[in-house]
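The block underneath contains the structure these notes are about, expressed in structure tokens.
Numbering (the working numbering), first residue to last: 1 to 111.
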């Protein structure tokens with residue numbers, strides 16, 4: 001199976017992917033630079049700051065066992081490495097900037 005891409009499609013694809021590639025590279029470089037990713041443990045306040053969400057959202061996720069966590073006594077704790085993996089699992093890439101002709105060609109190749 002061979003896909004043919006025109007210059008416009010390639011440019012749109014590169015433009016759509018570039019921010020995500022930069023984001024991933026930045027995270028990898030930061031993790032490599034500190035060497036502490038696996039050792040970092042968030043409390044509730046730390047996780048709300050890291051994820052930029054409210055405590056009620058995190059409590060709901062932990063209640064449904066939808067987010068990796070553990071307890072120290074009665075206090076919730078979250079390993080940064082587990083949270084980063086969870087975020088990657090729940091990530092949905094955007095394809096809104098890709099031309100409709102490109103989407104049709106990809107869809108036709110997928111059967």
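Virtual Cβ for every residue (Gly too), placed ideally from N, Cα, C.
Since the structure is predicted, the reported quantities are computational estimates derived from the model, not experimental observations.
Which listed residue (the options) has its alpha carbon closest to that of residue i
i: residue 43; options: 74, 7, 10; result: 74
i: residue 81; options: 21, 50, 9, 5; result: 50
i: residue 17; options: 93, 109, 108, 107; result: 93
i: residue 27; options: 85, 72, 90; result: 85
i: residue 46; options: 79, 90, 63; result: 79
i: residue 67; options: 87, 19, 7; result: 87
CB-CB length for residue i against residue j, believed under 8 Å
i: residue 48; j: residue 41; result: The pair is not a contact, with the Cβ atoms about 14 Å apart (cut-off 8 Å).
i: residue 3; j: residue 105; result: 6 Å
i: residue 62; j: residue 76; result: 6 Å
DSSP-derived helix/strand/coil call for residue i
i: residue 77; result: strand
i: residue 72; result: strand
i: residue 67; result: coil
Span of the alpha helix (DSSP H), counted from its first residue to its last, around residue i
i: residue 51; result: 44-51
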